[in-house]
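Trainee: Residue numbers (the numbering used here), protein chains in the order written: chain X, 1 to 287; chain L, 1001 to 1236; chain G, 2001 to 2349. I'd like to ask some things about the structure below.
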Amino acid sequence: MIWLDTIVQGILLGGLYALFAAGLSLVFGIMRLVNLAHGDLIIFAAFAILLIVGSTGLNPFLAALLAAPVMFAVGWALQAFVLNRVLGRDILPPLLVTFGLSVALQNGLLEAFSADSQRIRAGALESASIDLGPVTVGVMPLLTFASAVGAIFLLNRLFYTTALGRAFRATSDDAVTASLMGINPRSVFAIATGLAMVIVTLAALYLGMRSNFDPSIGPARLIYAFEAVIIGGLGSLWGTLLGGAIIGVAQTIGAQINPEWQILAGHIAFLVVLLIRPRGLFPRAVD
Amino acid sequence: MAALLETRGLTAQYGQFKALFGVDLQVAPGECVAIIGANGAGKTTLMRSITGVLRNAPEMILHNGIPIGALSADQVMQRGIAMVPEGRRLFPSLSVEENLLIGGQVRRGDGRWTLEAVYTLFPVLRERRRSPGTALSGGQQQMVAIGRALMSNPGLLLCDEISLGLAPVVIRDIYAALPAIRETGAAVVIVEQDISRALSVADRIYCMMEGRVTLTGRAADMTRDAIHAAYFGNAA
Amino acid sequence: MAHLVTTRTRASTVAAVIALGLVALGLILPAFASRSLIQDLFFILTMLTLAQLWNLIAGFGGMVSVGQQAFVGIGAYAMFAGVILWGWDPVPAILLGGLAALLLAIPMAFFAFRLQGAYFAIGTWVIAEVTRLLVAQWKTLGGGTGTSLPREATSDIIGVAAIADLFGLRDAAARDVMAYWLALLLAVGTMAAIHALLRSRTGLALAAVRDNDNAAQSVGVDARRVKWLVFLAAALMTGLVGALIYVQTARISPDAAFSVTNWTAYVIFIAVIGGIGRLEGPVLGVLVFWALQTAFADYGAIYLLALGLLAIVTMLFAPRGLWGLIADRTGLALFPVQRRLILKGPSDG
């Protein structure tokens, strides 16, 4: 029974990783850009929620609702004023700009909030659990997973049934021809990054309620997100959810064997998948 | 009558390589103009310049008398200049219907072109509406590309090499749609390597060679010898 | 008409003479320089070497690695293992560091080369993390908290006694001189090797691979072989530098030795600010970096924040760095690797 429990906890943990990853996957799918500051932006959003909760006393979920449009604006501006200027055939400039941003964000947060561990308090929800027969699961992990499924479902709907989603896919296919259709690729990119930051806010909400965070932990979140995206296959959002679950299960199994192996086990699962399926489990995007 | 589209001494270059040397072109409202010339004559560069894919000095290109040379491609399109690009360039991730819809994402007024109207013009597309755009035959893809451009109800439709790589019978089907398109009052510019096809559909002809216009006039007045000289240079 | 393909310019000839002079000066410097200057130069030379190596793979080879700290860390740990477990002298143990980095680079390249473009960057980072986590499990070398070089090992390093006698220094200062000379050797050796590589056929192939993998293959360049070669060579050298840095530090922990900030972020900033894809870039970059470090490092987080922003601003407004700005204004190329065709009349040919 302990193993069943371990696997269920792992899958639920994977929901958090899928939330980390969905924004990264979205941005990469549309503009082939990898934002190395993605993890730090999650931490940035967590501090934003913490600040709103602290100053207004609002429920964290409502605080996240307030933070989301702010984060959309941050993402939109980052893309419109910085990243659009360096997008091009050469991958080096956007990588280096986002790497610089990662270092700047980490240290900016360190300066503003110190290195102390923080937590977004969610009251009784933190310890609530549901008995599901053979296993008992926490309400918070369950809620995280459900949010990941919901977010990915909505993103897929957006992608495949709306005019904006059509513009996303067309721009991703061929930005020049999309511009002949009256679409401004730069503005599409800015909306996409803004949207990614809304998902980042959701990820930050659960990250901050479930565990302690401090300004230095962003890069590790980027790495989990990246692993989930690669395992799932570029461009497949449901694949990303599966990728997150695989990392989550590997981590909880690793931790079950030896607590020091938790993180390592997740990375090794990633390397194994990369070894046997270099294009991920559900490859879609061709590039 | 004021020109719908006018280029004045239009030049263009790719890096060091100069592709256009002072092209003057005029298109009146509702007119059908053909641009003919061999490969490398600068026809596609001319199209890319007009649509804003290549940026120019503003005053070189005028639309209804307003300089548009410095506008980006999406801004040019929003002024009512739609393009059927060379090689069709359908979006592979989009179905046939989505390819058409994306062309209509920016629409001018309540023009006549709707999804229904395009399906009436090219009935075969209605049957294939759910297929990915790139799963169709070349001729059907060309129909999607034309329909996609029409969906914005453009005042000016630019067609770059629409018969390239297609069988003659398919080309005939595609050109059969031209009268219906002109009926809506849209001006049409056709870039074509097939001289007799161009002469049969166009009101006026521009012949280009090595980045310059070498001959222009009413299609009806053109003699075969004059075109031959303008097309291939004075080889004789 | 006869012609000659050359990379030489008048400035490059002058620069070569000045460079030789500087190296000679560098060699005899310990005779009259203060200990703190020697320590500063050690820092500058090791960072310069790391930056040149990153510039080689990323700037010239298009392989943007964010995992170079793996090679610094594994190199340092291999040196520690040689000293602590097998009783080697620290200086020859540096070679173990290079070897270990080379061995690590093989699986790293194997995995990371499966990832396209930008994902290569994070792939290298993941493998560096995995290496850090594995090394933290190595209990005999202190596990997660790390360890120090034993006093016996650092007190009689080969050659230190001779240096102490030669310059009349105490042992600790003589150790600094030794480390400084080795750093000078690595820096000069690395730059000379990169310069030679870029001027060779392999260098041309590397440029072709960076600009377009597929096109390079179609003209007969074996892209995979060239990438492997350059990646492994850079890893080996990075491992040597890592080992040398920790001979000098004498205290190691996984977090420090595998620090992405110290061994990759700083290194990237040096290359970006100085100018990517030019040998001169990191030289200028490391001097700017050292000046900033000396002036502002006490400000901690604010300093790093500013450094990150400076890198962003540089990429936005001067993507080829400070050296790019200088070269654009003056056409100067001190270590040219670009080929120029010179046409000569028959009379002087």
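The C-beta atom is built at its ideal place from N, Cα and C for all residues, glycine as well. For clarity, every value in this text was computed on a predicted model and none was experimentally measured.
How is the alpha helix (DSSP H) around residue 1170(L) delimited, first residue to last?
Mentor: Unbroken alpha helix (DSSP H) run through residue 1170(L): 1168 to 1175.
Trainee: Taking just the CA atoms, how far does residue 119(X) sit from residue 55(X)?
Mentor: For residue 55(X) and residue 119(X), the distance between alpha carbons rounds to 15 Å.
Trainee: I need the straight-line Cα distance from residue 158(X) to residue 2228(G), nearest angstrom please.
Mentor: Straight-line Cα distance between these residues: approximately 42 Å.
Trainee: So residue 177(X) and residue 1029(L) are supposed to be a Cβ contact under 8 Å. How far apart are they, rounded?
Mentor: Actually they do not touch by this definition, with Cβ atoms about 26 Å apart.
Trainee: Between 2043(G), 2020(G), 2032(G), which lies nearest to residue 2242(G) when the distance is taken from Cα to Cα?
Mentor: Of 2043(G), 2020(G), 2032(G), the residue nearest in Cα terms is 2043(G).
Trainee: Just curious, the beta strand (DSSP E) that residue 1156(L) is in, first and last residue?
Mentor: Start and end: 1156 to 1160.
Trainee: Got a sec: which bits of the region 1090 to 1102 of chain L sit with their beta carbon under 7 Å from any beta carbon on chain X, in order along the chain?
Mentor: Cβ contacts with chain X: 1091, 1092, 1093, 1094, 1098, 1101, 1102.
Trainee: Quick check: residue 64(X) and residue 244(X), are their CB atoms within less than 8 Å of each other?
Mentor: In this structure, residue 244(X) does not lie closer than 8 Å to residue 64(X) by Cβ.
Trainee: For residue 2085(G), which option in 2163(G), 2149(G), 2041(G), 2299(G) has the closest C-alpha, if you only look at C-alpha atoms?
Mentor: Of the listed residues, the one whose Cα sits closest to residue 2085(G) is 2149(G).
Trainee: Using the three-state DSSP reduction, which class does residue 282(X) fall into: helix, strand or coil?
Mentor: Coil at residue 282(X), not helix or strand.
Trainee: Output the residue ranges of the alpha helix (DSSP H) runs that lie fully inside the region 2101 to 2165 of chain G and measure 4 residues or longer, sorted by chain position.
Mentor: The qualifying runs are 2117 to 2135, 2151 to 2155.
Trainee: Quick one: which chain L residues come within Cβ less than 9 Å of residue 184(X)?
Mentor: What residue 184(X) touches in chain L: 1072, 1073, 1074, 1075.
Trainee: Please say whether residue 197(X) and residue 60(X) have beta carbons closer to each other than 8 Å?
Mentor: No.
Trainee: Buried or exposed, going by whether 16 or more other CB atoms sit within 10 Å of the CB of residue 2158(G)?
Mentor: It counts as exposed.
Trainee: If residue 2052(G) sits next to residue 2282(G), beta carbons under 8 Å apart, how far is it from one beta carbon to the other, in whole angstroms?
Mentor: Residue 2052(G) to residue 2282(G), Cβ: 5 Å. Contact.
Trainee: Residue 146(X) lies in the alpha helix (DSSP H); which residues open and close that run?
Mentor: Unbroken alpha helix (DSSP H) run through residue 146(X): 139 to 161.
Trainee: Measure the beta-carbon distance from residue 82(X) to residue 2312(G) and round it to whole angstroms, keeping in mind my assumption that it falls under 8 Å.
Mentor: Contact flag correct, Cβ pair sits at about 7 Å.
Trainee: To the nearest angstrom, report how far apart residue 1138(L) and residue 1165(L) are at their CA atoms.
Mentor: When rounded, the distance between both Cα atoms is 8 Å.
Trainee: Quick one, which of 2194(G), 2135(G), 2018(G) has its alpha-carbon nearest residue 2048(G)'s?
Mentor: Among 2194(G), 2135(G), 2018(G), the Cα nearest to that of residue 2048(G) is on 2194(G).
Trainee: Along the chain, where does the alpha helix (DSSP H) that runs through residue 29(X) open and close?
Mentor: Note, residue 29(X): alpha helix (DSSP H), 2 to 31.
Trainee: Enumerate in chain order the residues of its own chain whose CB-to-CB distance from residue 220(X) is below 8 Å, with the five nearest sequence positions on each side excluded.
Mentor: The answer, listed in chain order, is 39, 263.
Trainee: Should the region 2093 to 2111 of chain G be regarded as contacting the region 75 to 92 of chain X, the criterion being three or more beta carbon pairs within less than 8 Å?
Mentor: No: fewer than three Cβ pairs fall under 8 Å.
Trainee: Could you give the distance in angstroms between the alpha-carbon of residue 46(X) and the alpha-carbon of residue 79(X)?
Mentor: When rounded, the distance between both Cα atoms is 20 Å.
Trainee: Quick check on residue 2114(G) - is its C-beta less than 8 Å from some C-beta in chain X?
Mentor: For residue 2114(G), the answer is yes, since a Cβ of chain X falls inside 8 Å of its Cβ.
Trainee: Could you tell me the boundaries of the beta strand (DSSP E) in which residue 1083(L) lies?
Mentor: Note, residue 1083(L): beta strand (DSSP E), 1081 to 1084.
Trainee: By Cβ distance, which residues of its chain are closer than 6 Å to residue 2132(G), with the 5 residues on each side in sequence left out?
Mentor: Excluding positions up to five away in sequence, the list reads 2254, 2258.
Trainee: By DSSP, does residue 1244(L) sit in helix, in strand, or in coil?
Mentor: Examination of residue 1244(L) is not possible in this model, given that chain L is present from 1001 through 1236 alone.
Trainee: Please compile the residues from chain X whose C-beta is within a distance smaller than 7 Å of the C-beta of residue 2223(G).
Mentor: Chain X residues near residue 2223(G): none, gap ~16 Å exceeds 7 Å.
Trainee: Take residue 1058(L) as the anchor and find which of 1011(L), 1037(L), 1021(L) has the nearest alpha-carbon.
Mentor: Ranking the options by Cα distance to residue 1058(L), first place goes to 1011(L).
Trainee: Kindly provide the ranges of any alpha helix (DSSP H) runs that are 4 or more residues long and lie completely inside the region 1050 to 1120 of chain L, ordered along the chain.
Mentor: As far as the region 1050 to 1120 of chain L is concerned, its whole alpha helix (DSSP H) runs of at least 4 residues are 1073 to 1078, 1096 to 1103.
Trainee: Under the rule that 16 or more other beta-carbon atoms within 10 Å means buried, what is residue 2348(G), buried or exposed?
Mentor: Note that residue 2348(G) scores a pLDDT of 41, beneath 50, so its modelled location is shaky; the value from the coordinates is reported in the next line. Residue 2348(G) should be labelled exposed.
Trainee: Residue 1163(L) CB to nearest chain X CB: under 8 Å?
Mentor: No - not a single Cβ of chain X is within 8 Å of the one on residue 1163(L).
Trainee: Give the C-beta separation of residue 11(X) and residue 248(X) to the nearest angstrom, bearing in mind that I take them to be a contact with Cβ-Cβ under 8 Å.
Mentor: Contact holds; Cβ gap of about 6 Å.
Trainee: Looking at the structure shown, is residue 1191(L) part of a helix, part of a strand, or coil, going by DSSP?
Mentor: Strand, per DSSP.
Trainee: Pick helix, strand or coil for residue 2329(G), following the three-state DSSP scheme.
Mentor: Here residue 2329(G) sits in helix by DSSP.
Trainee: Closest to residue 1078(L) by C-alpha separation, out of 1214(L), 1154(L), 1213(L), would be which residue?
Mentor: Of the listed residues, the one whose Cα sits closest to residue 1078(L) is 1154(L).
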